[in-house]
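Chemist:
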Amino acid sequence: MWIHHPRATHILSWKSHQPHVWNLVKKRTYHSSSSTRECFTYAYLLQACVKEEAWSEGQRIHVRMIKRGVEMDTFLETKLVIMYAKYGKLDFARRLFERGEKNVVGWNAMISGYAQHGQSHAALALFKQMRMQKAVPDHFVLATVVSLCETEMQVGKQLHAHVMAAGFQSDLVLLTALVRMYSACGAMDDARQLFDKMSRRDVISWTVMIAGYTKCGRMEDAFSLFGRMPRRDAASWNAMIAGCAQNGYGAASFTLFCTMQRSGCAARPNQGTYAALLIACAGLSALDQGKQVHAHIIKSQFWSDALLRNALVDMYAKSGSIQDSRLLFDGSFDRDVIRWTTMIAGYGKHGFAAEAIHLFDQMQKAGVKPNHITFISILSACSHAGLVEQGWRFFHSMTKDYNIVPRAEDYACMVDLLGRAGKVEEAHNLINKIPTEPGAHVWAALLGACRAHGNMEVGKVAAQRLFELNPQQAGTYVELSNIYAASGMWDHVAQLRKTMEDRGIRKQPGYSWIVVEKCTHVFVVGDRSHPQTEAIYTMLENLTRRMKEAGYIPDTDLVLHDLEEEEKEGILSHHSEKLAIAFGLISTHPREPIQIVKNLRMCIDCHTATKFISKVSERKLVVRDVNRFHHFREGLCSCGDYW
Ligand code: ZN
Ligand code: ZN
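Positions 42 to 684 (this note's numbering) are the ones given, in order, by the sequence shown.
This is how it looks when you write it as structure tokens:
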């Protein structure tokens, strides 16, 4: 009996998680010698090899079978097909499969083998062949094939019909796979129709449906389903928390996280949950919440996870605490290119270009190769600080030292950098040198520069290209109208406003928020809905008086701020960021720095006013607008009035 062969003993002594299989094998081989029994033994061994992913052992068993002249039947051949297909030896598996008598198990092994090894087209082609040969696919084959159709809606729909016709109407796994297929194709209504018809649903099918909604931003539907879920597990909580974070419902994602913990949900969130929460905190500039998440991560098993460390560095930088970000960065030894880049980008956004450049040099010394995003980060750091020479150095180094071909984003950074420095013509020339079609952000950067430096000729060109590329973008109209207004071309301004009205284009409403004692307070222009409204407006009046004494003159050239008719002089002093700052002044300790976030670019008057506020109130003020951080202190801003 071969079981006494030293090689076989070795096979049996290798660590197995399935001792009962080996016991069975031992029993059978000791007590039998008939070829049928031997055949079973080999089948068991091959099965065990698949389970343990012991591929070389499996191959050795196959060799032994050939040497011993074991009689091959469909049963044994299928086992070999399964093993080789799972192993990834697909051509070999296919030869065995084509040679033998085909059965549904073999078809499934081949199809899922192709699927698992990234050959989805081969898998779908084989499925077609299976259907042509009138073989009846079972549940497993169908589930595999449906999962392959996530980008092929037409094939997916045919499969759906097939699943129904084949009598699988109540097959939970198959129907869930179909719901997932429709969601992945973005066909949420088809997905929902099927979901609603399902006679039985489990936590997975609910979660698939919710994740589908969050992926395409249908948060109301996602919330409504989540609320109706009979039972929630970690995956469903995570899907909802991540969905909120990705769709800009940062506060909701944090609330959900707290609720999840209170609900005693047996499973903690996973890395994905933590990462989503950190992204949410970064988006909200919610430093306190971010710190809480950090504390949770330290207590969890993920405290050393590289991905989360990168997210933490990013969260601290975006929440205004660049020092904490740096501490975390310095304390880590596994710095990859993403962490270096995150730190460099953080310094750039805060306007600390010198630090960003220093870090870039250190990164090179450490032997870490900068990537495309690193260059965007360093270029925009130079841009925020107006460092033209340095910017060119990095721009050229990209191709020269790292063989990275500059993309549209890199050109946009350079255009921005040149434009800010007043080199509008040079910026325009650079755009003409871009080998590909320059995207909207390149022209937007140029238009911004034209507005800042009053260059109407180039500005008109840039605006024209933007109108072609993105006619619904309100920002283009506002910028161009600002250029006209600065030159006193009021008829052009009026014409633009009319075009905007005719095309039904609305400006994105501006709002600002401030986090005080873990509570987020949001303000819009002229907002009177806050419970402390009286105190806020009194504070604002008080401030304005003291600012005027210090030399502040409100920039009442209205068109420069806005196109909206309601934006009268009075309201100028009630811009959302001013309200948020006034609230910050009355609700925090006299020496505490105040940090607010604005969803749009800060207007010129608010910027000037905030400089005066930092002076008369003797407070440090940090404003994060859509582009960057402004650190206001003693009447000055870190951006050097360049933003
Ligand atoms: Zn403003
Ligand atoms: Zn500033």
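Every residue gets a Cβ at the ideal spot worked out from N, C-alpha and C, and that includes glycine. Since we're looking at a predicted model, the values are computed, not measured.
#1: For a test of your reading of the model: does the CB of C678 fall under 7 Å from any non-hydrogen atom of ligand 2? Yes or no.
#2: Does any heavy atom of ligand 2 sit closer than 7 Å to the C-beta of H616?
#3: Please find out if some non-hydrogen atom of ligand 1 comes closer than 7 Å to the beta-carbon of D646.
#4: Under a Cβ-count criterion, where at least 16 other Cβ atoms within 10 Å of its own Cβ denotes burial, should G387 be classed as buried or exposed?
#5: Does the beta carbon of H671 fall short of 7 Å from some heavy atom of ligand 2?
#6: I need the boundaries of the alpha helix (DSSP H) containing K256, first residue and last residue.
#7: Measure the C-alpha to C-alpha separation of V87 and A336 and round it to an integer number of angstroms.
#8: Grouping DSSP H, G and I as helix and E and B as strand, with all else coil, what is W554?
#9: Note the first and the last residue of the continuous beta strand (DSSP E) segment covering T561.
#10: Please determine whether the Cβ atom of W684 lies at a distance below 7 Å from any heavy atom of ligand 2.
#11: Considering Cα atoms alone, identify which of N523, E542, P178 is closest to I645.
#12: Give me the Cα-Cα distance between K656 and P631, rounded to the nearest whole angstrom.
#13: Start and end of the beta strand (DSSP E) containing R665?
#14: Smallest Cα separation from Q199: which of R172, H425, I594?
#15: Thinking C-beta only, is T383 closer than 8 Å to D365?
#16: Taking contact to mean 3 or more Cβ pairs, one atom from each stretch, closer than 8 Å, check whether the segment 658 to 673 and the segment 636 to 644 are in contact.
#17: Identify which residue in G545, S341, Y443 has its Cα closest to the Cα of V409.
#18: Can you grab the Cα-Cα spacing for the pair N583 / L297, in whole Å?
#19: If you measure between the beta carbons of M151 and A134, is that distance less than 8 Å?
#20: Give me the Cα-Cα distance between G463 and V499, rounded to the nearest whole angstrom.
#21: Which residues share a DSSP beta bridge with V638?
#22: Could you pull out every residue in the same chain whose Cβ sits closer than 6 Å to the Cβ of A453, ignoring the five residues on either side in sequence?
#23: Leaving out five residues before and five after S438 in sequence, what residues of the same chain have Cβ atoms less than 7 Å from its Cβ?
#24: For the candidate residues F374, S373, G372, P411, whose alpha-carbon lies nearest to that of I385?
#25: Give me the Cβ distance between V502 and L459, rounded to the nearest whole Å; I'm assuming they're in contact under 8 Å.
#26: First and last residue of the alpha helix (DSSP H) that includes R105?
#27: With DSSP as the reference, please indicate the residues paired to F670 in a beta bridge.
#28: Pairing CB atoms from the segment 313 to 322 with CB atoms from the segment 277 to 295, are three or more of them under 8 Å?
#29: If you run the structure through DSSP and keep just helix, strand and coil, what is L266?
#30: Quick check: the Cα distance between S224 and M250, rounded to an integer number of angstroms?
#31: Nearest by alpha-carbon distance to V177: which of T574, S341, R272, A206 is it?
#32: Taking the continuous alpha helix (DSSP H) assigned at N351, which residues delimit it?
#33: Which two residues bound the contiguous alpha helix (DSSP H) that contains L584?
Modeler: If we stick to the structure as given:
#1: yes
#2: no
#3: yes
#4: buried
#5: yes
#6: 244 to 256
#7: Per the sequence presented here, residue 87 reads as Leu, with Val not at that position. Rounded to the nearest angstrom, the two C-alpha atoms are 48 Å apart.
#8: strand
#9: 560 to 565
#10: yes
#11: N523
#12: 13 Å
#13: 662 to 665
#14: R172
#15: no
#16: yes
#17: Y443
#18: 40 Å
#19: yes
#20: 12 Å
#21: W554, R665
#22: H482, V483, A486
#23: none
#24: P411
#25: Actually they are not in contact, since the Cβ atoms of V502 and L459 sit about 15 Å apart, beyond 8 Å.
#26: 96 to 108
#27: R665
#28: yes
#29: helix
#30: 7 Å
#31: A206
#32: 347 to 359
#33: 574 to 590
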